[in-house]
Structure formats: structure tokens, C-alpha cells
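Student:
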Amino acid sequence: MPNIILPDGNKLSFEKKIDGLKIAEKISHSLAKQALIMEVNGELKDLNYEIRKDSKVRIITPKNKEGLDVIRHGAAHIMAMAVQQLFPKTQVTIGPVIENGFYYDFARKEPFTSDDLIKIESRMSEIIDQDVKTKREVWDRVKAIDHFNEIGEKYKAEIIDSIPETEELSIYHHGDTWHDLCRGPHLSSSSKIGKAFKLTKVSGAYWRGNSNNEMLQRIYGTCWSSKKELDEYLNRLEEAEKRDHRKLGKEMDLFHFREESPGSVFWHQKGWSLFQKLISYMRIKQDNAGYYEINTPEILDRSLWEKSGHWDKFGDNMYTSTTPDEKVFAIKPMNCPGCVQVFNQGLKSYRDLPLKMSEFGKVHRYEPSGSLHGLLRVRAFTQDDAHIFCTEDQITQECISVTNLILEIYKDLGFENIILKYSDRPKVRVGEDYVWDKSEDALIKAIKKTGLKYDINKGEGAFYGPKIEFVLRDAIGRDWQCGTLQVDLNLPGRLGASYVDKDGFKKVPVMLHRALFGSLERFIGILIENYSGKIPFWLSPLQSIVIPISEDFDDYAKKVNSELKKFGITSEVDLKNHNLNYKIRDHSLKKIPILLICGKKEVDSNTVTIRKLGSTKHESMELNKFLQKYSILSKPPIN
RNA sequence: GCCCUUGUAGCUCAGCUGGUAGAGCAAUUGAUUUGUAAUCAAUAGGUCCGCGGUUCGAGUCCGUGCGGGGGCACCA
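Add 611 to the 1-based position in the first sequence for our numbering, that's all there is to it.
This is how it looks when you write it as C-alpha cells:
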């Protein structure tokens, strides 16, 4: 006599054991039609699972996240089934649900081609049309392992072997000929998957994510509960492609890459101007926040890296150089050791603390070739780095002011949606526990002060101290990890940093590492994608183009152009023999924020006509008024 | 680094089963003097990523190296 309690609190009573479909039918016909699986006392179950005792039940439909997930999972299974029908010697491994879809990893000698994907896709459609039924069975471990070994599925057998003895082993049959080991739950039949799916790509993936293992072939698919959602998703992908910084960087003439130096940027005039504008902006902000800017050598003797610990820990990622006198130097992968050496020069007193030293330091890291990606992952980049030397008692205050500075800067650059990630002490670490207590406490206080959301990554901190990472969300909802704030209880001691305290004794300072954007190169990539190339006026490397309507107005256009320059607005005049439409199209594609049109009307009234990027409207303004207004707008937004 | 894929003019791309390269845009020159997203014409432009091989003959086929792209792994 199970009593079923529904999410709205209503109670249904049944004579005997009852399954999900019957419960749904009892509630409404339409719910029964939509029902995919159910949640019984917090656990997801197949719809035909039989409930024998009083339970809380929630019927799940495609509208719930769990519903969409089970559809995607179903699609993964049907894909594996289709693959094994088409390519019989293929072994199956795992096939989980991921954001926006699913994948399944296969072991097969011959590579899957993009034509194969089309074949697999249409076979999936056929299976869905056949509406094959799902049947769940619980198997004995030994039987399961023997069975999968027997049919040549050694990966499945290995998976079963690694499942804890206490767990039930369930096998799902889809139709009469295909089955897979799976935790479930599953849809009752294949037609419920629907047709809003698409196989998107094949790639390699290591078995169990370990690069020492063999490589499998992963087929990715996207899957939704309606065609409309699928189309929206594919549209989003297209939109993201349009704002790809590698494409825009070329179109806007900002930078390029070439074979001679993979992963290093060749900055063109415009890109470099953007780069420099960002730096000048940050200089002002950091000056106001009490930082001193320093600069340290790019090449430092091996012995320093040995002392700092980098040689041991990160040597594989460091570029080195042997000089003719056979000394070994390393090109810096980080700025901290150099900065500590600046601190070490001369005697420091407690009165000097906190001492904040910033450095726009160019670092080189030998990143694996496969990880390089435009400006977003490079081998040579400029960090907007700083190191703050302070006492233990100053940690809290310094963390708060770093956090404030970072958030102010993000806001000025158009990022207001920020998430924080906090990582505390790892198992393997240096330093006394009481100092860790203090550091963690300081960081948490700083986070709370921001009022922002934060995730805690337990045990993910660096071996030398806890850290906060600043993640910003861009205009199309993607997250980018940028800034970082780390408390370091290790390096100052290793490199012999000290200050003279009030009592006259030398003490080791605490060091905070902090970066605002992390890498300026990477941040510019993010900036381009966030703005789709439409960089805010003040940052734009070329802010305006003056366009004469015809040759007769070239002189006036030249005059306007030189006035703009006098007022600090970067500008060029376009005297090419093309008509107005052509020039507007040309400069709009190059994302110039402001076009100034000059013709007879403008000459007669000493005005300019303004056309702003992204708008077809135009307005006329007296030249002087324009200069006044836009010379202010062309400056960094510092209050 | 690993798997798949890809490399032709400044850019975007054609070039079928091997017979020494094409288009559009850009550039240059000329005509046109244009009022808000491509005026017309002519000219010039290429070690077909590098190296080796097969072949009478290689952009095309094979091997290898180096880049790019999508993933995996990595990201101090």
C-alpha cells in the first residue's frame, strides 16, 4: 500500500506496488506522455521501477535538467549501438553526458571520418524510429566480467572490475541485440530521445584521461529536447566563431603568428597600441593604489631557479640558454624570484611594509604544442604582475585592497559579472599551520568583503599558500579565469628575504603574488571576443577615420584630422579614390569606432558628421564641440 | 606531447581519377568626384609549407619534418 507524496505535497495512495508511468497517468495524461524518468526519495530511477513502500516521487520530463540529461545519455547509448552495428570490431568504453550534449569513447584501429559521422547519425535516426525498448537487468560481477571479456569488450570488463563490490551492476538492453553496462536511469524506449541531435566532432581521448594510456576515439554530439533548442545552440556556436579573436585580429590588423616562433605574438602597430593603452591605464590605477613599478632581468642564472624551487618543479617548462662560457641561464617563466631580489637589495625595515612592487614582466614558458591557442595560450606573454611584501598582520588588509583594485579594473573594462574561486591548503604544503590559518582567514575575509559569489576548491591551493582566482563572464556567457591572488609562505624564506622588525630582529616577510589579468596577451584575446572586436572608444587603437565626400574636401578633412590628433584622438584621413559607401563599409569592417564625414555641408558650417560603429544613424556636430567632447572620452575612465 | 584533420597569391577559397596553376576581394594604374556598408576598366602578383621518394612527368601519390585547426593530456 504505497503512499506517494508528490512535489506539491499531494498524496496518492495505491493498492499495491506501482511504477512511475502509472503515477504520472494518475496525475495527468499529458504528464504521462512527457514523463521520462522519475526521482524516488532523491534517487533517479527508471520510469518502470516498481515502488513498494511510501515514497516521495517527482516525475521528470524534458523540461527538467535531469530530463534533458537522460535524453542526452540515451543519445550516447544509441550512438554506441549505431557505431557497433556499422563498425562491428569497435569496442565501447564510456559515454557520459556533458554540457550541451554527450560523447562516447570507442576503441577502434581505423579512424572515424566525418563521413562516418553522417552514417552513424542516420543509423541513430533509424534506431530511434524503430522505438527499441529498454530493459534493465542486474548482473552478478563475475558473470558480467566473463561476459564482456568473452565478447571482446575488455574496457567494459575493466570498468566493472573497478566498480566497488557493494554497488549493484546493472545492464541495459536496448532492443534484443545490444546492451551496455550502465548505472542508469534510462528512457523506456529510443523514440523518447527525439531527433534534436547532431554529431559534432571526432577527436582523440586517453583511456581514463591518463596520457600514459592508449588513445581512444571520442565522438561528440549535441542533443536537445527540441529542434528549436538545437538550432539555437548551433547558432550560438556560429556567433562564437564570428567573434574568434584570431579571425578578428587578422581583419583588424592587430597581430599575427608565424612558424618561426609558435606561440609568440607578432604585434602590429594597432595591436601594440591597444596593448600599450592597457598598460598605461593600469599604471595609473596601480600608482594610485600605492604600487612601485620595477623591472627585472629576463635571463637569470640557474642557481637562482634552483634556490627558488622552479628548476626542480617546473624545469620541463623552462627555456634555458647556455652561454659561450658554458654558464646555464633560464629565461624567466615567472617574475617572482627577480622581484624578491629587488626586495633583498638594501636593508628593509618594518616601516617599509607593506611594500608593493609591480612589474609588467615578459615571461616565457615552454607550453606543450597541442595546448597553444591564438592569444589565449601562448609561450611568451606579459604578466601584469605584482608582489606585496607585508607582515602576517597586514595580510587581510592587503588582500582586501588587491581584490578591490581587480574588481574596479574589470568594471572599467566592461566586465561586471565576476565569480571568485577560493582554494585552501593542500595535503602537501610548506609552512606552519598557524600561518596557514591566518592566510586562509585573510583571504576569506577579503572575499566576503566583495559580496560576490565564490566557490571553494578544497585542498587546491598552491603548496606555498592559499589563493583566490578571479573568473569573469563575457558577453556571451563564457567564463575566463584571469586574475589571481596568492599568499606565499615559502619563497621569501627560500630566497632569504627579511626585514628589520620593531624589536630590532630580522624577520621573514609574507609575500602576496597578484596578477590583474594574468596575461595581457590572453586578456586582449578575451577583450576582442567579448566586444566582438568593437573595442571601447578610449581603448581603440585607431579611434576615428575622417572621410571626405570627394576630392574637393580633402583639405578640410586633413585639417579635421590634424585637429583630432592635437586633441589626443588617434585618427587617419582616408583620401583614397573610392566613394563614401565603399569607405564606410571598409572602415566598419575594420571596427573603427567613429567615422567623420566631411562634405560641402560640413565645410560651410565648420562641422563634422559623426557615424558611430554599429549604428546607421548620423549626427552633425560643430568641430570644436566634437573635439572637446571626444578628447575627454578618449581618455581612460579613471575617476 | 598524443589522436584526427589541414597547409595553393596579402586575405577567403577553387583546382575531378598525376600532364609544371585559377576566382573574388585587397594592391597598383587609369576613368569616375561620389552624402552613409562593395563605381567601372586595365595591370601586376605564386619555390602550390620544407626536405626526400615513386613516376617520362607531382599542387595532386608515398615517407618525413615544421606550422595551423578540433579534441585529449598539460596549464607552476
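Cβ coordinates follow ideal geometry from the N, Cα and C atoms, glycine included.
Consult DSSP for W1149 and reduce its assignment to one of helix, strand or coil.
Tutor: Coil.
Student: In the structure shown, what three-state DSSP assignment does D1185 receive?
Tutor: In this structure, D1185 counts as coil in the three-state DSSP scheme.
Student: Thinking C-beta only, is I670 closer than 8 Å to I804?
Tutor: It is not a contact, given that the beta carbons lie outside the stated cut-off.
Student: Determine the direct distance from the alpha carbon of L728 to that of D680, and round the result to whole angstroms.
Tutor: If you take the alpha carbons of D680 and L728, they lie about 22 Å apart.
Student: So, V939 versus I905, is the Cβ gap smaller than 8 Å?
Tutor: It is not a contact, given that the beta carbons lie outside the stated cut-off.
Student: From which residue to which residue does the alpha helix (DSSP H) around R669 run?
Tutor: Segment S666 to I671 is the beta strand (DSSP E) holding R669; no alpha helix (DSSP H) there.
Student: If V974 sits next to P944, beta carbons under 8 Å apart, how far is it from one beta carbon to the other, in whole angstroms?
Tutor: That belief holds up - the Cβ atoms of V974 and P944 are roughly 5 Å apart, short of 8 Å.
Student: Hey, L1102 and V951 are a contact pair by Cβ (cut 8 Å); roughly how many whole angstroms apart?
Tutor: With 8 Å as the limit, L1102 and V951 qualify as a contact, their Cβ atoms being about 6 Å apart.
Student: Hey, would you say Y1033 sits closer than 8 Å to L1018, going by beta carbons?
Tutor: No.
Student: What are the start and end residues of the alpha helix (DSSP H) that includes H1198?
Tutor: Counting along the chain, the alpha helix (DSSP H) containing H1198 begins and ends at L1191 to L1200.
Student: Checking 8 Å against the spacing of the C-beta atoms, do Y902 and K967 come in under that value?
Tutor: Yes, the pair counts as a contact, with Cβ atoms nearer than the cut-off.
Student: Would you mind sorting E1009 into buried or exposed? The rule is 16 or more other CB atoms within 10 Å of its CB.
Tutor: So E1009 counts as buried.
Student: With distances taken Cα to Cα, identify the nearest neighbour of G874 among N659, P948, L986 and T777.
Tutor: When only C-alpha atoms are compared, the closest one is L986.
Student: What would DSSP say about S891, mapped onto helix, strand or coil?
Tutor: Three-state result, S891: helix.
Student: Could you give the first and the last residue of the continuous beta strand (DSSP E) run that contains R747?
Tutor: Per DSSP, R747 belongs to the beta strand (DSSP E) from T745 to W750.
Student: Run through the stretch 800–830 for me and flag every whole beta strand (DSSP E) of 3 or more residues, listed as ranges in chain order.
Tutor: Counting whole runs of 3 or more residues, the stretch 800–830 contains the beta strand (DSSP E) stretches 808–817.
Student: Do T993 and F1026 have their beta-carbon atoms positioned less than 8 Å apart in this structure?
Tutor: Not closer than 8 Å, so no.
Student: Is it true that the stretch 745–754 meets the stretch 701–710, where meeting means three or more beta-carbon pairs spaced less than 8 Å apart?
Tutor: Verdict: no, contact absent.
Student: Beta-carbon within less than 6 Å of G1076's beta-carbon, same chain only, minus the 5 sequence neighbours each way: which residues are those?
Tutor: Excluding residues within five positions, the ones whose Cβ falls inside 6 Å are S1050, Q1097, V1098, D1099 and L1100.
Student: Can you tell me which residues form a DSSP beta bridge with H785?
Tutor: BP columns for H785 point to T745 and W789.
Student: Tell me whether the beta-carbon of E849 lies closer than 8 Å to the beta-carbon of A807.
Tutor: Contact flag unset, no.
Student: So if DSSP puts L1083 in a beta bridge, which residue, or which two residues, is it bridged to?
Tutor: Answer is I1029 and W1091.
Student: Going by C-alpha distance, which of R1105, D726, K667 and T777 is nearest V651?
Tutor: It is K667.
Student: Work out the CA separation of K838 and T1095 for me, nearest whole Å.
Tutor: So the two alpha carbons sit approximately 41 Å from each other.
Student: Hey, quick one: how far does the beta strand (DSSP E) through E654 stretch, first residue to last?
Tutor: Residues E654 to D657.
Student: Is the distance from the Cβ of A643 to the Cβ of L655 below 8 Å?
Tutor: Contact: no.
Student: Return the chain-ordered ranges of every beta strand (DSSP E) run that is complete within the stretch 1122–1169 and spans a minimum of 3 residues.
Tutor: Counting whole runs of 3 or more residues, the stretch 1122–1169 contains the beta strand (DSSP E) stretches 1155–1159.
Student: Would DSSP call F925 helix, strand or coil?
Tutor: Looking at F925 - three-state DSSP - the assignment turns out to be helix.
Student: If we ignore side chains and look at the alpha-carbon of each, how far apart do K809 and Y783 end up?
Tutor: So the two alpha carbons sit approximately 23 Å from each other.
Student: Any idea if I1249 is buried or exposed, counting beta-carbon neighbours within 10 angstroms, 16 or more meaning buried?
Tutor: Burial call: exposed.
Student: If you run the structure through DSSP and keep just helix, strand and coil, what is D1114?
Tutor: Three-state result, D1114: coil.
Student: Just reading off the alpha helix (DSSP H) that Q696 is part of, what are its end residues?
Tutor: Start and end: K676 to L697.
Student: Considering only the beta carbon of each residue, do K1228 and I1205 sit closer than 8 Å?
Tutor: Contact: no.
Student: Just the C-alpha distance for I1160 and K1169, rounded to the nearest angstrom, thanks.
Tutor: Their backbone Cα atoms lie some 13 Å apart in a straight line.
Student: Taking the C-alpha atoms as reference points, what is the distance between V876 and R869?
Tutor: Each residue's alpha carbon lies about 8 Å from the other.
Student: So which of L658, I756 and K858 has the shortest CA-CA distance to T672?
Tutor: When only C-alpha atoms are compared, the closest one is L658.
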